[in-house]
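Enquirer: Sharing a structure, written as structure tokens. Questions coming.
There are 2 protein chains.
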Amino acid sequence: MSRSTNTSLSSLGEFGLIDRIRARFPQPAPPELGIGDDAALLNPSPGMQLVVSTDLLAEGVHFERSFGPLRLLGRKALAVNLSDLAAMGAKPRWFFLSLAIPAGFPLEEIEALLDGLAEQAAEHGVLLAGGDTCGSKSGLVISVTVMGEQRPELVLRRSGARPGDDVWVSGTLGDSALGLQLLLAGYEKKGDVATEYVVSRHLDPTPRCELGQALADAGLVSAMIDISDGLLADLGHLCHQSGCGAEIELTQIPRSAPFDAVTAGASPTPWQLVVAGGEDYELCFTAPPAGRAAILETANSAGVPVTVIGKVSDSGQVVACLPDGSNFQPSASGYTHF
Amino acid sequence: MSRSTNTSLSSLGEFGLIDRIRARFPQPAPPELGIGDDAALLNPSPGMQLVVSTDLLAEGVHFERSFGPLRLLGRKALAVNLSDLAAMGAKPRWFFLSLAIPAGFPLEEIEALLDGLAEQAAEHGVLLAGGDTCGSKSGLVISVTVMGEQRPELVLRRSGARPGDDVWVSGTLGDSALGLQLLLAGYEKKGDVATEYVVSRHLDPTPRCELGQALADAGLVSAMIDISDGLLADLGHLCHQSGCGAEIELTQIPRSAPFDAVTAGASPTPWQLVVAGGEDYELCFTAPPAGRAAILETANSAGVPVTVIGKVSDSGQVVACLPDGSNFQPSASGYTHF
């Protein structure tokens, strides 16, 4: 990949930048059409439902440029959108990228951002089909719209949970929130493996696309959501849409060894980070208990551990039980934007 | 439509705002799914190609809040996207809306923005299917992605123009650029009909959706583009994609009576505004001369005047001829973002 370090964004211009973007990403091939006309032309697969999500990331709100390399920001901008498709069990196919770029923004930083986007796109087989680029009077703004597909009868919504279903989560929770806490406290990379791990879970989360599709294809799951606002908030959304509640055991929630290592001095366990920190981008789903073995096998094939953390109830409330039998109350469930 | 003038955005919160948005827009009905899950679920029509465009509008770059009511900004944010679908001859079906909103932004201004978006959406039968809302550390940012459909064999691209084809434009050109010039000079509404007309063409452009679809359906047009960067720039894009050139007569380009009234004192005619001002959101298209009568009839049915302004050539250049036989050179062809 060649870099023109002597070229600035202003000398390149909007169309020069678009040419660079087009050269960086494999494009939809005829009869489809990607970048280069008034709109993209895409051929949805016959009989599939189109699954579409969009997320906007603004500097100073969703990220600070000082937190990490722009390559990771590019990876994350696509990852958070792919995570939404994973939560519906959809296979990602195309994405659209809009960038508002402040004056004087270094071209090599834009190239690094595109590198990260291209990596994540290649890892999940999703094609850049169009977008928009413009100036910004303030910070960098990244808007991504991602489109995928799934058979209508297999799509997983938030609304299918039933009392008695197990509540599952993928991976481990709390790493990203702990990583953000370290970044906000002025973390600098210093070779500690556990610390670097949790920071990397914040800067470079893994969308669970393969797991989400495999669970949908297997037809074992009753409802699913991705954990972006924090487990309690997102499980709350799922229960609200399903007209039910849930009871979870905090000690059953999987934590990573690095999380426990970094928080070893903290007593009690920082449950706030685990259940209300957010940006885990893991999947939370519900399923009848009869499917447990098949779910474990499916998740194993997808290479992602999954864990039962509680039960769907008919209470209408999400209750998080502490080991002593009391209920945990988060100090705030999810990020507040306004 | 009820307005809670005592409610602020911060007391409403992100989910309260999403609820208001959902209440304002008719939603896709089952088996489709709009706002309320991780992603939207949409059913493309069998055999149709999906036509997708996205545009991001940033305060201080694309608009100033002081220029006009937020309702018109809402109309325009959707209009510029619909114009891209019109240029492909596609029927708009769904759109996605992302808003980054500065702290302290008045809720009634957001409501006005939504009013305008809802008006434009209703006028063109396009459904809001999802989006994202967040805070902004700086100005208001509006990102819209619009999706439509057309039969693959009828979609109009930029690449089909052939030497000998007529070059056509819809409506009149230059009004929007003149309106912007007045706004930048501190225009205040003062009852002059001509002035208000050209300002309204800048603040509230009309996407030529019906005309674009009718021309595509009629199969008479060889290539089409919408005029957002200015006629010379956009006709240049069309010619570049078609591997040809064009020769146009400036005096053949339709101007509005208000444009001529407002610029009456100017000599020579301000061609710069007409061919390089941009934001006309009219259609520029090419077609074999044999189809002239049918094109006029089609455009008449769609209620939009269309005019032949020149010929496609094999020169590879777009030449704009002045009445004295010389060629007009714009001082800049299109807005420069970086």
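Sequence order for the protein chains is A and B.
Read left to right, the first sequence gives residues 1 to 338 (our numbering).
Read left to right, the second sequence gives residues 1001 to 1338 (our numbering).
Cβ coordinates follow ideal geometry from the N, Cα and C atoms, glycine included.
#1: Identify every residue that forms a DSSP beta bridge with Q1252/B.
#2: Under the three-state reduction of DSSP, which class applies to E1108/B: helix, strand or coil?
#3: Measuring CA to CA, which of P152/A, E282/A and C239/A is closest to S313/A?
#4: What do you get for L1184/B, buried or exposed, if any count of 16 or more other CB atoms within 10 angstroms of its CB means buried?
#5: Which residue's Cα is closest to the Cα of P1030/B: A1023/B, G1179/B and N1043/B?
#6: Any idea which residues DSSP pairs Q49/A with across the strands?
#7: Just reading off the alpha helix (DSSP H) that S1242/B is part of, what are its end residues?
#8: Does the region 1319-1332 of chain B come into contact with the region 1254-1265 of chain B, if we say contact requires no fewer than three beta-carbon pairs (one atom in each stretch) closer than 8 Å?
#9: Answer yes or no: does any C-beta atom of chain A fall closer than 9 Å to that of R1020/B?
#10: What whole-angstrom Cβ distance do A1112/B and F1025/B have, given they're in contact under 8 Å?
#11: Quick check: G171/A and E59/A, are their CB atoms within less than 9 Å of each other?
#12: Relative to the alpha-carbon of A1294/B, which residue among L1097/B, K1137/B and A1218/B has its alpha-carbon at the smallest distance?
#13: State the Cα-Cα distance for the pair S1011/B and A246/A, rounded to the nearest angstrom.
#14: By the criterion of Cβ-Cβ separation under 9 Å, what are the contact partners of Q1241/B in chain A?
#15: Let me know the secondary structure DSSP gives E32/A once reduced to three states.
#16: Of all the options G310/A, S8/A, F338/A and E14/A, which has the alpha carbon lying nearest to the alpha carbon of P163/A?
#17: With distances taken Cα to Cα, identify the nearest neighbour of H124/A among L85/A, G135/A and S159/A.
#18: V1061/B versus chain A: which residues are under 9 Å apart at the beta carbon?
#19: With respect to the alpha helix (DSSP H) encompassing T263/A, which residues constitute its N-terminal and C-terminal limits?
#20: If we define contact as Cβ-Cβ less than 9 Å, is Q1049/B a contact residue for chain A?
#21: Just curious, the beta strand (DSSP E) that K1091/B is in, first and last residue?
#22: Tell me where the beta strand (DSSP E) around V356/A begins and ends.
#23: Just to confirm before moving on: does the CB-CB distance between L50/A and G148/A stay below 9 Å?
#24: Determine contact between the region 1185-1201 of chain B and the region 1211-1231 of chain B, defined as no fewer than three beta-carbon pairs at a distance below 8 Å.
#25: Taking the straight line between their C-alpha atoms, what separation do you get for P1305/B and L1180/B?
#26: Would you mind working out which of L211/A, G174/A, T206/A and C209/A sits nearest T195/A, comparing C-alpha positions?
#27: Between the region 1139-1147 of chain B and the region 1088-1098 of chain B, do three or more beta carbon pairs fall short of 8 Å?
#28: Using the Cα positions of R22/A and G316/A, report the straight-line distance between them to the nearest angstrom.
#29: Let me check one thing: in DSSP terms, what residues is T1247/B bridge-paired to?
#30: Look at A1223/B and R1157/B and say whether their C-beta atoms are less than 9 Å apart.
#31: Determine whether the beta carbon atoms of T298/A and A214/A lie at a separation below 9 Å.
#32: Using a cut-off of 8 Å between C-beta atoms, extract the partners of R65/A located in chain B.
#33: Count the other C-beta atoms from every protein chain shown that fall within 10 angstroms of the C-beta of S8/A, then say buried if there are 16 or more, exposed otherwise.
#34: Which residues in the same chain as L1114/B place their Cβ atom closer than 7 Å to its Cβ, once the five residues preceding and following it in sequence are excluded?
#35: Quick check on the burial criterion: 16 or more other C-beta atoms within 10 angstroms. Buried or exposed for S136/A?
#36: Tell me whether the beta-carbon of L72/A lies closer than 9 Å to the beta-carbon of G116/A.
Expert: A quick look at the data gives this:
#1: Bridge partners of Q1252/B: none, in fact.
#2: helix
#3: C239/A
#4: exposed
#5: N1043/B
#6: Q150/A
#7: L1231 to S1242
#8: no
#9: no
#10: No, A1112/B and F1025/B are not in contact; Cβ-Cβ is about 15 Å, not under 8 Å.
#11: no
#12: A1218/B
#13: 28 Å
#14: G36 and D37
#15: coil
#16: G310/A
#17: L85/A
#18: A100, C134, G135, S136 and K137
#19: Neither: T263/A is in no alpha helix (DSSP H) and is coded neither H nor E.
#20: yes
#21: K1091 to P1102
#22: Beyond the ends of chain A as shown, which are 1 and 338, falls residue 356/A; an answer cannot be given.
#23: yes
#24: no
#25: 23 Å
#26: G174/A
#27: yes
#28: 49 Å
#29: In the sequence on display, residue 1247/B carries Glu and not Thr. Answer is K1311/B and V1319/B.
#30: yes
#31: yes
#32: Ordered by position in chain B, no residue passes the 8 Å Cβ test against R65/A, which lies about 12 Å from the chain.
#33: exposed
#34: I1021, R1024 and G1074
#35: buried
#36: yes
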